[in-house]
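S.K.:
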Amino acid sequence: MKSFKSIIKQLLFKTRFYKLSFLQNRFYIIPYHMIVDKPNRFYPETSTRDFEKQIVHLVKNYKVISLDEIVNRIKNRRSLRRCVAITFDDGFRDNYEIAYPILKKYNVPATIFLTTGYIENGTAPWFIKLRYIFMQTTKTHFNLSHNGTTISIPTNTRDGKFAASDKVMAYLKDCPDEERLPLLDRLCEQLGVNEFKGLNDLMLTWDQIKEMAGNSISFGAHTVNHPILSRTSVEMAEREIQESKRMVEEKTGKSATSFAYPFGKKSQYTPQIFPILHELGFKCSVTTESEPNTHRVNLFELNRPVPWEFSVLQ
Ligand SMILES: [Zn+2]
Numbered sequence: 000m001k002s003f004k005s006i007i008k009q010l011l012f013k014t015r016f017y018k019l020s021f022l023q024n025r026f027y028i029i030p031y032h033m034i035v036d037k038p039n040r041f042y043p044e045t046s047t048r049d050f051e052k053q054i055v056h057l058v059k060n061y062k063v064i065s066l067d068e069i070v071n072r073i074k075n076r077r078s079l080r081r082c083v084a085i086t087f088d089d090g091f092r093d094n095y096e097i098a099y100p101i102l103k104k105y106n107v108p109a110t111i112f113l114t115t116g117y118i119e120n121g122t123a124p125w126f127i128k129l130r131y132i133f134m135q136t137t138k139t140h141f142n143l144s145h146n147g148t149t150i151s152i153p154t155n156t157r158d159g160k161f162a163a164s165d166k167v168m169a170y171l172k173d174c175p176d177e178e179r180l181p182l183l184d185r186l187c188e189q190l191g192v193n194e195f196k197g198l199n200d201l202m203l204t205w206d207q208i209k210e211m212a213g214n215s216i217s218f219g220a221h222t223v224n225h226p227i228l229s230r231t232s233v234e235m236a237e238r239e240i241q242e243s244k245r246m247v248e249e250k251t252g253k254s255a256t257s258f259a260y261p262f263g264k265k266s267q268y269t270p271q272i273f274p275i276l277h278e279l280g281f282k283c284s285v286t287t288e289s290e291p292n293t294h295r296v297n298l299f300e301l302n303r304p305v306p307w308e309f310s311v312l313q
């Protein structure tokens, strides 16, 4: 009979072994939004310099493959050790003007998830408009009314503007989808900002998308209007997903088999959406949760650590 000590030893070895193989199969999907020369903390931006540095780091230390290839490897149980895929959400024009030349320079594939309504209308997403309103306002205070109480938030400094926009962002993300846009209109009135001149030409055009689609950039769906899918009806969520997929496919002439949940945190989508995505012909969908992925991951819940949490990629 084995001694107690040897059983413990064996167990420890096994645990270490499993832990090791688990770590070796980690792979990463990275979400970028905007790439700009001079980042502004109000927007989800990465500087051009940092972006290029990160791409160089990834090319040197990882296998940078397409999201499609990640899915194939998961399905075929092939190694994903030190594999990375690059993605961009929403479809900002700098993806074409700044990121695309860098991706080409290092021969790196990427997937861009398009919010098709914004591409079609050339308008900025509501969460960008919200930040813009606070950046532009000349009012020194902002009154936020919620649950019968009103608080006054100073907006006379850059820090104050940022803090106020953060509070309102959290509030708007939490409110039902149909109430959000009217609230944004009221915000414009209260803060005296009625034009979004600075946000013209912010989104990709279909011509730019078509050009990239022929050159190792894939396009996925990201809904039409960027709703929070856990805050809409399942029927509405399905329409948003289906229509954005249809539009991406019509314009690029290629099938769109990946989807990114708007905002992408666990509380912002529901498992009821997984079978809908499957039926619509998607092969995978991505979140913005930052846990690394392993082979055991649900294909409709692939996590993406954000670049500013890049320490996970050392
Ligand atoms: Zn988005």
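Every letter in the sequence shown is one number past the one before it in numbering that gives the first Met the number 0, and letter 178, counting from 1, is 177. Even for Gly, the Cβ is constructed at its ideal location relative to N, Cα and C.
1) Label residue 230 either buried or exposed according to how many other C-beta atoms from any shown protein chain fall within 10 Å of its C-beta, with 16 as the threshold for buried.
2) Considering only DSSP beta bridges, list what residue 31 is partnered with.
3) At which residues does the alpha helix (DSSP H) containing residue 163 begin and terminate?
4) Please identify the residue among 65, 114, 82, 133 whose C-alpha is closest to the C-alpha of residue 102.
5) I'd like to know whether the C-beta atoms of residue 239 and residue 224 end up nearer to each other than 8 angstroms.
6) Using 8 angstroms as the cut-off, can you tell me whether the segment 147-156 makes contact with the segment 114-123, which would need three or more C-beta pairs spanning the two stretches below that distance?
7) Which two residues bound the contiguous alpha helix (DSSP H) that contains residue 152?
8) Starting from residue 65 and walking both ways along the alpha helix (DSSP H), at which residues does that stretch end?
9) How should residue 270 be labelled, buried or exposed, when 16 other C-beta atoms within 10 angstroms of its C-beta is the threshold for buried?
10) Buried or exposed: residue 221, going by 16 or more other Cβ atoms within 10 Å of its Cβ?
11) With distances taken between CB atoms, is the gap from residue 55 to residue 105 smaller than 8 angstroms?
12) Residue 93: beta carbon under 7 angstroms from a heavy atom of ligand 1?
13) Nearest CA to the CA of residue 84: which residue from 135, 175, 275, 257?
14) From residue 62 to residue 293, what does the alpha carbon distance come to, in whole angstroms?
15) Could you tell me the alpha carbon to alpha carbon distance between residue 300 and residue 189, rounded to whole angstroms?
16) Do residue 109 and residue 86 come within 8 angstroms of each other at the CB atom, strictly closer than that value?
17) What three-state label does DSSP hand residue 60 in the structure shown?
18) Taking DSSP's pairing of strands, which residues face residue 142 in a bridge?
19) So what's residue 219 in DSSP terms, helix, strand or just coil?
20) Is the segment 40-57 touching the segment 171-191, taking contact as three or more C-beta pairs under 8 angstroms?
21) Among 92, 31, 27, which has the Cα closest to the Cα of residue 60?
22) I'd like to confirm something about residue 114: is its beta-carbon nearer than 7 angstroms to some heavy atom of ligand 1, or not?
23) Just to check, is the beta-carbon of residue 88 closer than 7 angstroms to a non-hydrogen atom of ligand 2?
24) In terms of alpha-carbon separation, which member of 217, 218, 243 lies closest to residue 226?
25) Going by the C-beta, is residue 277 closer than 7 angstroms to any heavy atom of ligand 1?
26) Quick check: the Cα distance between residue 91 and residue 74, rounded to an integer number of angstroms?
27) Quick one: which unbroken alpha helix (DSSP H) runs of 4-plus residues sit fully inside the segment 214-286? Chain order, please.
28) Mapping DSSP to helix, strand and coil, what is residue 119?
29) Express the C-alpha separation of residue 112 and residue 281 in angstroms, rounding to a whole number.
30) Taking the beta carbon of residue 93 as the centre, do at least 16 other beta carbons fall within 10 Å, making it buried, or is it exposed?
31) With distances taken from CA atoms, which of 263, 291, 298 is nearest residue 304?
32) Going by other Cβ atoms of all chains shown within 10 Å of its Cβ, with 16 needed for buried, is residue 255 buried or exposed?
M.R.: Looking at the coordinates:
1) As a position in the sequence shown, residue 230 is number 231, starting the count at 1. Buried, since its Cβ has 16 or more Cβ neighbours within 10 Å.
2) The residue you call residue 31 lines up with position 32 of the sequence shown. The partner list for residue 31 (beta bridge, DSSP) reads 87.
3) Looking up residue 163 in the sequence shown gives position 164. 157-173 is the extent of the alpha helix (DSSP H) around residue 163.
4) Within the sequence shown, numbered from 1, the residue matching residue 102 stands at position 103. Among 65, 114, 82, 133, the Cα nearest to that of residue 102 belongs to 65.
5) Stepping through the sequence shown from its first residue, residue 239 is reached at position 240. Stepping through the sequence shown from its first residue, residue 224 is reached at position 225. It is a contact, given that the beta carbons lie within the stated cut-off.
6) no
7) Position 153 of the sequence shown, counted from the start, is the residue given in the question as residue 152. Per DSSP, residue 152 belongs to no alpha helix (DSSP H); it is in the beta strand (DSSP E), 148-153.
8) As a working note, residue 65 is residue 66 in the sequence shown. For residue 65, there is no enclosing alpha helix (DSSP H), as DSSP marks it with neither H nor E.
9) Reading the sequence shown from its first residue, position 271 is the one you call residue 270. In summary, residue 270 is exposed, with fewer than 16 beta-carbon neighbours lying within 10 Å of its beta-carbon over all protein chains present.
10) Here residue 221 is taken as the residue at index 222 of the sequence shown, counted from 1. Flag for residue 221 reads buried.
11) Position 56 of the sequence shown, counted from the start, is the residue given in the question as residue 55. Position 106 of the sequence shown, counted from the start, is the residue given in the question as residue 105. Contact: yes.
12) What you label residue 93 is simply residue 94 of the sequence shown in a count that begins at 1. Flag unset: Cβ of residue 93 not near ligand 1.
13) Indexing the sequence shown from 1 puts residue 84 at position 85. Shortest Cα-Cα distance from residue 84 to any of 135, 175, 275, 257 involves 257.
14) Your numbering for residue 62 matches position 63 in the sequence shown. Your numbering for residue 293 matches position 294 in the sequence shown. Answer to the nearest angstrom: the Cα atoms are 15 angstroms apart.
15) Along the sequence shown, read from residue 1 onward, the residue named residue 300 stands at position 301. Along the sequence shown, read from residue 1 onward, the residue named residue 189 stands at position 190. Computed Cα separation, rounded: 39 angstroms.
16) Your numbering for residue 86 matches position 87 in the sequence shown. Your numbering for residue 109 matches position 110 in the sequence shown. Yes, these two residues count as a Cβ contact at 8 angstroms.
17) In the sequence shown, the residue the question calls residue 60 occupies position 61. In the structure shown, residue 60 sits in a helix (DSSP, three-state: H, G or I).
18) Here residue 142 refers to the residue found at position 143 of the sequence shown. In the DSSP output, where bridge partners are listed per residue, residue 142 has 151.
19) One-based indexing of the sequence shown puts residue 219 at position 220. In the structure shown, residue 219 sits in a strand (DSSP, three-state: E or B).
20) Touching, no, given that fewer than three Cβ pairs across the two stretches are closer than 8 angstroms.
21) Numbered from 1 along the sequence shown, position 61 holds the residue referred to as residue 60. Residue 60 has its Cα closest to that of 27, out of 92, 31, 27.
22) Along the sequence shown, one-based indexing puts residue 114 at 115. Indeed, a heavy atom of ligand 1 lies less than 7 angstroms from the Cβ.
23) Among the ligands in the structure shown, ligand 2 does not appear; only ligand 1 can be found there.
24) On the sequence shown, residue 226 is found 227 positions in, with the first residue counted as 1. It is 243.
25) For the purposes of this step, residue 277 is identified with residue 278 of the sequence shown, where counting begins at 1. Residue 277 Cβ: outside cutoff for every heavy atom of ligand 1.
26) Position 92 of the sequence shown, counted from the start, is the residue given in the question as residue 91. Position 75 of the sequence shown, counted from the start, is the residue given in the question as residue 74. When rounded, the distance between both Cα atoms is 31 angstroms.
27) 233-251, 272-278
28) Residue numbering aside, residue 119 sits at position 120 when the sequence shown is read from its first letter. Helix at residue 119.
29) Translated into positions along the sequence shown, residue 281 becomes position 282. Translated into positions along the sequence shown, residue 112 becomes position 113. Their Cα atoms are separated by approximately 13 angstroms.
30) Position 94 of the sequence shown, counted from the first residue, corresponds to residue 93. Classification for residue 93: buried.
31) Taking the sequence shown and counting its residues from 1, the one referred to as residue 304 is at position 305. The option with the nearest alpha carbon to residue 304 is 291.
32) For the purposes of this step, residue 255 is identified with residue 256 of the sequence shown, where counting begins at 1. Classification for residue 255: buried.
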